[in-house]
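In the numbering used here, each residue's number is its place in the sequence shown (first place is 1) plus 2.
Positions of the beta carbon are idealized from the N, C-alpha and C atoms, including for glycine.
From a predicted model like this one, the values you see are computed outputs, not experimental measurements.
Report on the following structure.
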Amino acid sequence: MNRAAAKTSRTDDRPEALDELLLMRELERFVTAELELLDGREFEAWRDLFTEDGRYWVPSRVDQESPEDELSLFYDDREIMDLRIRRLRHPRVHAQIPHTRTSHVVGNFALTSADHENGAYAFRCRFVVHEYRPETTQRAFSGRYDYTVVRAGPSFKIRAKKATVINCDDVHFPISIPI
3 MNRAAAKTSR
13 TDDRPEALDE
23 LLLMRELERF
33 VTAELELLDG
43 REFEAWRDLF
53 TEDGRYWVPS
63 RVDQESPEDE
73 LSLFYDDREI
83 MDLRIRRLRH
93 PRVHAQIPHT
103 RTSHVVGNFA
113 LTSADHENGA
123 YAFRCRFVVH
133 EYRPETTQRA
143 FSGRYDYTVV
153 RAGPSFKIRA
163 KKATVINCDD
173 VHFPISIPI
(Lines of atoms letter the chains of each structure in order from A and count residues from 1; the text may use other names and numbers.)
(Lines give C-alpha, C1' and ligand atoms only; values in the text may rest on other atoms or scores of the structure.)
Protein backbone atom coordinates (compact mmCIF):
# COMPACT_ATOMS: atom_id res chain seq x y z
CA MET A 1 0.00 0.00 0.00
CA ASN A 2 1.41 3.39 -0.89
CA ARG A 3 1.56 6.27 1.57
CA ALA A 4 -1.34 8.15 -0.02
CA ALA A 5 -3.64 5.12 0.27
CA ALA A 6 -2.59 4.53 3.88
CA LYS A 7 -3.24 8.15 4.74
CA THR A 8 -6.69 8.03 3.12
CA SER A 9 -7.76 4.89 4.97
CA ARG A 10 -6.69 6.34 8.32
CA THR A 11 -8.59 9.57 7.83
CA ASP A 12 -11.84 7.73 7.01
CA ASP A 13 -12.15 6.80 10.71
CA ARG A 14 -10.66 10.03 11.99
CA PRO A 15 -13.83 12.04 12.72
CA GLU A 16 -15.29 9.34 14.97
CA ALA A 17 -11.96 8.56 16.63
CA LEU A 18 -11.22 12.25 17.09
CA ASP A 19 -14.66 12.83 18.62
CA GLU A 20 -14.07 9.99 21.10
CA LEU A 21 -10.61 11.32 21.94
CA LEU A 22 -12.01 14.81 22.56
CA LEU A 23 -14.84 13.37 24.67
CA MET A 24 -12.38 11.37 26.78
CA ARG A 25 -10.24 14.47 27.32
CA GLU A 26 -13.37 16.37 28.40
CA LEU A 27 -14.27 13.60 30.86
CA GLU A 28 -10.70 13.50 32.22
CA ARG A 29 -10.78 17.26 32.83
CA PHE A 30 -14.18 16.93 34.53
CA VAL A 31 -12.94 14.19 36.89
CA THR A 32 -9.73 16.10 37.62
CA ALA A 33 -11.78 19.19 38.55
CA GLU A 34 -14.13 17.05 40.67
CA LEU A 35 -11.25 15.56 42.63
CA GLU A 36 -9.62 18.97 43.08
CA LEU A 37 -12.82 20.00 44.88
CA LEU A 38 -12.48 17.05 47.28
CA ASP A 39 -8.78 17.74 47.86
CA GLY A 40 -9.63 21.39 48.49
CA ARG A 41 -12.41 20.45 50.96
CA GLU A 42 -14.96 22.17 48.73
CA PHE A 43 -17.58 19.58 49.59
CA GLU A 44 -20.63 21.66 48.71
CA ALA A 45 -19.30 22.32 45.20
CA TRP A 46 -18.48 18.59 44.88
CA ARG A 47 -22.04 17.67 45.88
CA ASP A 48 -23.38 20.12 43.30
CA LEU A 49 -21.69 18.09 40.55
CA PHE A 50 -24.29 15.36 41.11
CA THR A 51 -27.72 15.27 39.49
CA GLU A 52 -30.68 15.64 41.87
CA ASP A 53 -31.05 11.84 41.85
CA GLY A 54 -27.28 11.22 41.78
CA ARG A 55 -25.65 8.52 43.91
CA TYR A 56 -22.17 8.05 45.32
CA TRP A 57 -21.37 4.44 46.21
CA VAL A 58 -18.34 2.75 47.79
CA PRO A 59 -19.03 -1.00 48.07
CA SER A 60 -17.86 -3.01 51.06
CA ARG A 61 -16.85 -5.93 48.82
CA VAL A 62 -15.08 -5.89 45.45
CA ASP A 63 -17.78 -8.09 43.91
CA GLN A 64 -20.75 -6.39 45.60
CA GLU A 65 -23.49 -6.10 42.99
CA SER A 66 -26.02 -3.90 44.76
CA PRO A 67 -25.79 -1.23 47.44
CA GLU A 68 -29.30 -2.09 48.60
CA ASP A 69 -28.71 -5.75 49.48
CA GLU A 70 -25.87 -5.29 51.96
CA LEU A 71 -23.92 -2.61 53.80
CA SER A 72 -21.58 -0.32 51.89
CA LEU A 73 -18.78 1.96 53.02
CA PHE A 74 -20.72 4.85 51.43
CA TYR A 75 -24.06 4.91 49.66
CA ASP A 76 -25.05 8.55 49.50
CA ASP A 77 -27.80 10.41 47.73
CA ARG A 78 -27.83 14.21 47.89
CA GLU A 79 -29.63 14.24 51.23
CA ILE A 80 -26.98 12.02 52.83
CA MET A 81 -24.23 14.06 51.15
CA ASP A 82 -25.69 17.20 52.75
CA LEU A 83 -25.75 15.51 56.16
CA ARG A 84 -22.17 14.27 55.76
CA ILE A 85 -21.01 17.77 54.72
CA ARG A 86 -22.73 19.41 57.71
CA ARG A 87 -20.98 16.93 60.00
CA LEU A 88 -17.60 17.56 58.36
CA ARG A 89 -18.10 21.32 58.77
CA HIS A 90 -19.19 21.13 62.41
CA PRO A 91 -16.55 22.79 64.64
CA ARG A 92 -16.57 19.91 67.12
CA VAL A 93 -16.28 16.98 64.75
CA HIS A 94 -13.51 15.14 66.61
CA ALA A 95 -12.84 12.77 63.69
CA GLN A 96 -11.66 15.78 61.69
CA ILE A 97 -9.46 17.58 64.22
CA PRO A 98 -7.03 18.17 62.64
CA HIS A 99 -8.60 18.11 59.20
CA THR A 100 -7.86 15.28 56.83
CA ARG A 101 -5.83 16.23 53.78
CA THR A 102 -6.15 14.18 50.61
CA SER A 103 -4.52 13.87 47.23
CA HIS A 104 -6.41 12.09 44.46
CA VAL A 105 -4.61 10.78 41.37
CA VAL A 106 -6.47 9.24 38.43
CA GLY A 107 -5.56 7.59 35.15
CA ASN A 108 -6.33 4.78 32.71
CA PHE A 109 -9.61 6.26 31.52
CA ALA A 110 -11.84 4.05 29.37
CA LEU A 111 -15.20 4.89 27.85
CA THR A 112 -17.67 2.04 28.44
CA SER A 113 -20.78 3.46 26.76
CA ALA A 114 -21.82 6.59 24.93
CA ASP A 115 -25.31 7.82 24.14
CA HIS A 116 -24.46 10.99 22.23
CA GLU A 117 -28.10 11.69 21.40
CA ASN A 118 -29.03 11.96 25.09
CA GLY A 119 -25.64 13.19 26.29
CA ALA A 120 -25.18 10.22 28.65
CA TYR A 121 -21.81 8.55 29.09
CA ALA A 122 -20.34 5.77 31.21
CA PHE A 123 -16.62 5.44 31.80
CA ARG A 124 -14.13 4.12 34.30
CA CYS A 125 -10.70 5.05 35.54
CA ARG A 126 -8.21 3.94 38.16
CA PHE A 127 -7.49 5.98 41.28
CA VAL A 128 -5.09 6.34 44.17
CA VAL A 129 -6.06 8.50 47.14
CA HIS A 130 -3.49 9.45 49.74
CA GLU A 131 -5.02 10.52 53.05
CA TYR A 132 -3.01 12.40 55.64
CA ARG A 133 -3.95 13.58 59.10
CA PRO A 134 -1.27 15.14 61.28
CA GLU A 135 -0.38 13.01 64.30
CA THR A 136 -2.07 9.90 62.87
CA THR A 137 -1.29 7.15 60.42
CA GLN A 138 -1.29 7.97 56.72
CA ARG A 139 -3.52 5.84 54.51
CA ALA A 140 -3.77 5.06 50.84
CA PHE A 141 -6.79 3.80 48.96
CA SER A 142 -6.71 2.61 45.38
CA GLY A 143 -9.14 1.03 43.00
CA ARG A 144 -11.52 1.86 40.19
CA TYR A 145 -14.08 4.60 39.69
CA ASP A 146 -17.11 3.86 37.53
CA TYR A 147 -19.00 6.96 36.44
CA THR A 148 -22.30 7.59 34.73
CA VAL A 149 -22.56 11.23 33.70
CA VAL A 150 -24.96 13.35 31.69
CA ARG A 151 -24.15 16.44 29.72
CA ALA A 152 -25.15 19.64 31.52
CA GLY A 153 -24.42 22.70 29.40
CA PRO A 154 -20.70 22.86 28.66
CA SER A 155 -19.87 20.28 31.34
CA PHE A 156 -21.39 17.20 32.99
CA LYS A 157 -23.37 16.11 36.04
CA ILE A 158 -22.72 12.85 37.85
CA ARG A 159 -25.69 10.49 37.85
CA ALA A 160 -23.73 7.69 39.55
CA LYS A 161 -20.22 7.30 40.89
CA LYS A 162 -18.95 4.00 42.23
CA ALA A 163 -15.54 3.80 43.92
CA THR A 164 -14.45 0.19 44.28
CA VAL A 165 -11.49 0.13 46.66
CA ILE A 166 -9.22 -2.90 46.21
CA ASN A 167 -9.05 -3.46 49.97
CA CYS A 168 -12.64 -2.42 50.70
CA ASP A 169 -13.23 -5.58 52.74
CA ASP A 170 -10.35 -4.80 55.12
CA VAL A 171 -10.80 -3.23 58.55
CA HIS A 172 -10.71 0.57 58.26
CA PHE A 173 -10.67 3.38 60.74
CA PRO A 174 -13.57 5.74 60.01
CA ILE A 175 -13.49 7.14 56.49
CA SER A 176 -14.87 10.68 56.65
CA ILE A 177 -13.85 12.16 53.31
CA PRO A 178 -15.29 10.74 50.07
CA ILE A 179 -12.77 8.51 48.35
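So, for residue i: in the same chain, excluding its five sequence neighbours on each side, which residues have a beta-carbon less than 6 Å away from its beta-carbon?
i      : result
TYR134 : ARG103 and GLN140
ARG220 : Only positions 3 to 181 of the chain appear in the structure, and residue 220 is not among them; the question remains open.
LEU73  : SER62
THR150 : ALA124, ARG161 and ALA162
Could you tell me if residue i is buried or exposed, where buried requires 16 or more neighbouring beta carbons within 10 angstroms of its beta carbon?
i      : result
PHE175 : exposed
ASP21  : exposed
ILE82  : exposed
PRO136 : exposed
ILE168 : exposed
PRO180 : buried
Measure the alpha-carbon distance for residue i versus residue j and round it to whole angstroms.
i      : j      : result
ARG94  : PRO100 : 11 Å
PHE32  : VAL108 : 12 Å
CYS170 : LEU23  : 32 Å
LYS159 : ALA122 : 10 Å
VAL152 : ALA35  : 16 Å
ASN120 : GLU28  : 17 Å
VAL64  : ALA142 : 17 Å
TYR147 : PHE129 : 7 Å
ARG88  : SER178 : 12 Å
PHE45  : ALA19  : 35 Å
THR166 : VAL60  : 6 Å
LEU75  : PRO156 : 32 Å
ASN110 : GLU30  : 10 Å
ASP172 : GLN66  : 14 Å
LEU117 : HIS92  : According to the sequence displayed, residue 117 carries Asp and not Leu. Taking the straight line joining both Cα atoms gives about 41 Å.
ALA112 : GLY145 : 14 Å
Report all residues from its chain with a CB closer than 7 Å to the CB of residue i; omit the five preceding and five following residues, and keep chain order.
i      : result
THR114 : ALA124, PHE125 and ARG126
ALA7   : With a pLDDT of 48 at ALA7, under the threshold of 50, the modelled position of this residue cannot be trusted; read the value that follows with caution. The answer is none, since no qualifying residue turns up.
ASP41  : THR104, SER105 and HIS106
Identify the residues that DSSP records as bridge partners of residue i: which are they?
i      : result
SER144 : VAL130
LEU113 : PHE125
ARG153 : PHE158
ALA19  : In the DSSP output, where bridge partners are listed per residue, ALA19 has none listed.
VAL167 : GLY145
Give every residue of the same chain whose Cβ lies closer than 8 Å to the Cβ of residue i, excluding the five residues on either side of it in the sequence, and list them in chain order.
i     : result
GLY2  : Here the chain covers residues 3 to 181 and nothing more, so residue 2 does not appear.
ASP84 : ARG49
Within the region 33 to 103, ranges of the alpha helix (DSSP H) (whole runs, at least 4 residues)
45 to 49 and 80 to 91
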